[in-house]
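Chains A and B, in that order, give the protein sequences.
So the first sequence is numbered by this note's numbering: it starts at 944 and just counts up by one.
So the second sequence is numbered by this note's numbering: it starts at 346 and just counts up by one.
Right, one structure below, let's go through it.
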Amino acid sequence: MSKEKKIIANKRKPMKHSISDRVLDLINYTVFSLFAFVCVYPFYYIFINTISNNKLSESGAVIWYPKDMHLKNYIDAVKIPGLGQAAFISVSRTVIGTALTVFVAAFLGYMFTRETLFKRKLWYRFVVITMYFNAGIIPWYLTMMNLGLTNNFWGYILPAVVSPFYIILTKTFIEAIPRELQEAAEVDGAGVLTIFYKIMLPICKPILATVAIFSAVGHWNSFQDTLLLMTQEKYYTLQFILYRYLQSSQSLSSIINATAGTEVAANIQTQTSIRMTVTIIVALPIILVYPFFQRFFVKGIMIGAVKG
Amino acid sequence: MSSSSKSKKMRSYKEFLLILPFLILVAVFSYYPLYGWIYAFFDYQPPLPFSWDSFVGTKWFKILFQNKSYFKQTLQVLRNTFAMSGIALLFSWLPMFFAIFLNEIKNLRFRKFVQTVTTLPNFISWVLVYSVAFLLMSNNGMFNSFAMDIGLIDTPIDFLKSNQHIWFKMWLWLTWKNLGWAAIMYIAAISSIDTELFEAARVDGASRLRIIRHITIPSLLPTFFVLLLLNISNFLNNGMEQYFVFQNSWNREYIQVLDLYVYNLSTSKPPVYSVSTALSMLKSIVSLVLLFGANTFSKVVRKQSIL
Chain A
944 MSKEKKIIAN KRKPMKHSIS DRVLDLINYT VFSLFAFVCV YPFYYIFINT
994 ISNNKLSESG AVIWYPKDMH LKNYIDAVKI PGLGQAAFIS VSRTVIGTAL
1044 TVFVAAFLGY MFTRETLFKR KLWYRFVVIT MYFNAGIIPW YLTMMNLGLT
1094 NNFWGYILPA VVSPFYIILT KTFIEAIPRE LQEAAEVDGA GVLTIFYKIM
1144 LPICKPILAT VAIFSAVGHW NSFQDTLLLM TQEKYYTLQF ILYRYLQSSQ
1194 SLSSIINATA GTEVAANIQT QTSIRMTVTI IVALPIILVY PFFQRFFVKG
1244 IMIGAVKG
Chain B
346 MSSSSKSKKM RSYKEFLLIL PFLILVAVFS YYPLYGWIYA FFDYQPPLPF
396 SWDSFVGTKW FKILFQNKSY FKQTLQVLRN TFAMSGIALL FSWLPMFFAI
446 FLNEIKNLRF RKFVQTVTTL PNFISWVLVY SVAFLLMSNN GMFNSFAMDI
496 GLIDTPIDFL KSNQHIWFKM WLWLTWKNLG WAAIMYIAAI SSIDTELFEA
546 ARVDGASRLR IIRHITIPSL LPTFFVLLLL NISNFLNNGM EQYFVFQNSW
596 NREYIQVLDL YVYNLSTSKP PVYSVSTALS MLKSIVSLVL LFGANTFSKV
646 VRKQSIL
């Protein structure tokens, strides 16, 4: 037996270092390194340009590393009209929207596992099927207008409160928890809501973290609803403001430079420097948060794939 | 006996009352807008109040195919939609191979790094993707200054303000954003393949490429077909955000897909709400038919639903 194993081990050794294997490894590492580079470099490039001398940056001289480092672009960002308000709206909708969405996903996910619920299957289908159709933007816009949700902060929040996909995630998760836990609590006289708060919420923490992170990214990245619903500037989000900066040919830079007073001439704001700085400000939360929460994202897609 | 069943019923109604507010939200935001489809059959001019007398039947549906200028647009939009969805379908095997070859990388830290970095763009909004494209690929962007520096080109090429290869460029940006993320499903599927299969093949002296061909790929095909069917049922739903942020007067002819056209119709001057509604209604119905068709197909062939 052990002799056989030895033979196998000997057989495997030359295989590992065969030429075709090495070629495969070489191509593999090269292609993946390139693709990883292509994914990272754009953000790196924009970032080093925001902290480099604006004149050098404008002439395209900053490509691999920052030159003449300074932080004035970020200090000046405060003066960009509308940016502070947009950041406030973006953060508010992300925090409030995520909190509500997570709570409702947990609650409905739990309720839809309760066999005592009146017409449980019907209502579950009623909610889930909405993932597969869409009335179109005009009917949706008119609905929102009739409800008074155009030019209204709640127009960002309310439509996303009940999200079928997240409900499927929590329901699938709860179904895997042993029933005895609930039954024991029920014998002790706990009601639906008590069980939900005292037992379900704590147990569901991992899946709720996943839902929260998906929902937060969704709210932060949302662009279309501002485009369709909001005409007043005070409701603009960061994404929308960034889009406008990229489009506008009018020079924001002159406004900022005018209020700046005496400055080092090299670092006056340019159209490009403002665009880059705002891009980093909008992208930073995602870039910083993503590596730490990656496992939650992966878990979400895995549970979603086996949904029932 | 009867009193306990009565109290059971009361309890089940009470639980229903708890979820009722949320069902109402679903009804209001997902079902009620469907009522708006009636605008497709009326001559509705928004600031004016809606009137039942303005019924025009299927006029707006016919206009899309009979009015010459609309018909030309409709054809163009369908062509773009089919082209871009078609390219995406043609390359739908890419995430599978991404996962297979990533799995061949034995250095765990490198593999983890690649996975993290390549999934990141999926969580960046389309506006940010456009911003990246703009800052790197426009006239005085990074690419042009670099290429001119090393003497690759003499005059800057503005990749965004052009109507060249739009379909392919849009596919490239989509792939940049989604490839790493789309591969995760396959990476998980690979890790659930019975390792004894690989061991046995190795003992028999199979090379890595042969193992991939005869074990890994066949084990991934079911996942591939489910995702392929879902992609087919989403053929008309490219979404508008990507195309909206990238559209400009140079590329409009090639970039306008159905979803974007529906939006552009509603913001054109004068806006044509009814035509836009008619078109989005048609699109929704065709998509639903495609989805249920794909699902039925899957039920018959694989004895499994994809929904």
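The C-beta atom is built at its ideal place from N, Cα and C for all residues, glycine as well.
All values reported here derive from a predicted model rather than from experimental measurement.
- Contact between the segment 358-378 of chain B and the segment 1056-1072 of chain A is present: three or more C-beta pairs spanning the two stretches fall below 8 Å.
- Judged by DSSP secondary structure, D964(A) falls within the alpha helix (DSSP H) whose first and last residues are I962 to T993.
- Here the C-alpha atom of F458(B) lies approximately 13 Å from the C-alpha atom of W526(B).
- Chain-order list of chain B residues neighbouring L1189(A): Y475, S476 and F479, by C-beta distance under 7 Å.
- Taking a beta-carbon distance threshold of 8 Å, V1154(A) does not count as an interface residue toward chain B.
- With the criterion set as a beta carbon lying under 9 Å from some beta carbon of chain A, the members of the segment 518-531 of chain B are W521, L524, G525, W526, I529 and M530, in sequence order.
- Interface with chain B (8 Å Cβ-Cβ cutoff): Q1237(A) is included.
- Ranking P615(B), F637(B), F642(B) and F491(B) by CA distance to the CA of I1072(A) puts F637(B) first.
- Under the Cβ distance rule, P466(B) counts among the residues neighbouring chain A, one pair being separated by less than 8 Å.
- Contacts between T463(B) and chain A, judged by CB atoms closer than 7 Å, involve F978, A979 and C982 in chain order.
- Considering only T1041(A), V1104(A), L1181(A) and I1244(A), the residue with the shortest C-alpha distance to T1115(A) is I1244(A).
- Separation of T1137(A) and N576(B) (C-alpha to C-alpha, rounded to the nearest whole angstrom) is 42 Å.
- Annotation for N523(B): N467 place their beta carbon closer than 7 Å to its own, counting only its chain and skipping 5 residues before and after.
- Within chain B, the residues whose beta carbon sits less than 7 Å from that of P1234(A) are T461, listed in sequence order.
- Under DSSP, the beta-bridge partners assigned to F400(B) are F387(B).
- At a cut-off of 8 Å between beta-carbon atoms, F491(B) makes contact with chain A.
- For G381(B), the C-beta contacts it makes with chain A under 7 Å involve A1078, I1081, P1082, L1085 and T1086, in order along the chain.
- Proximity of the segment 1213-1232 of chain A to the segment 1126-1137 of chain A falls short of the contact definition, fewer than three beta-carbon pairs being nearer than 8 Å.
- Using beta-carbon distances, M487(B) counts as an interface residue toward chain A, with a partner under 8 Å.
- By the neighbour-count definition (other C-beta atoms within 10 Å, threshold 16), A1119(A) is an exposed residue.
- Taking a beta-carbon distance threshold of 8 Å, Y1186(A) counts as an interface residue toward chain B.
- In terms of Cα proximity to P440(B), the closest of Q509(B), M585(B), Y475(B) and L566(B) is L566(B).
- Apart from the 5 residues on each side of it in sequence, L370(B) has no Cβ closer than 6 Å to any other Cβ in its chain.
- F1108(A) has its alpha-carbon roughly 8 Å from the corresponding atom of M1074(A).
- Between the beta-carbon of I989(A) and that of L480(B) there is about 6 Å, and that keeps the pair under the 8 Å contact cut.
- Where P466(B) is concerned, there is no enclosing alpha helix (DSSP H), because DSSP gives it neither an H nor an E.
- Contact of G1098(A) with chain B by beta-carbon distance below 8 Å is absent, the smallest such distance being about 11 Å.
- Using a CB distance cut-off of 8 Å, Q1212(A) does not count as an interface residue toward chain B.
- In this structure, I600(B) lies near M515(B), with their beta-carbon atoms less than 8 Å apart.
- Assignment of N425(B) by DSSP, reduced to helix, strand and coil, places it in the helix class.
- Spatial neighbours of Y608(B) in its own chain (CB-CB distance under 6 Å, excluding positions within 5 residues in sequence) are listed in chain order as M585.
- In this structure K628(B) is buried. Its beta-carbon is surrounded by 16 or more other beta-carbon atoms within 10 angstroms.
- In this structure, DSSP gives K353(B) a helical state, which the three-state scheme calls helix.
- For the segment 597-610 of chain B, the set of residues with a beta-carbon nearer than 8 Å to any beta-carbon of chain A comprises V607 and Y608, in chain order.
- For a Cβ distance threshold of 7 Å, residue set I1081 of chain A lies close to Y618(B), ordered along the chain.
- Here the C-alpha atom of L573(B) lies approximately 20 Å from the C-alpha atom of W512(B).
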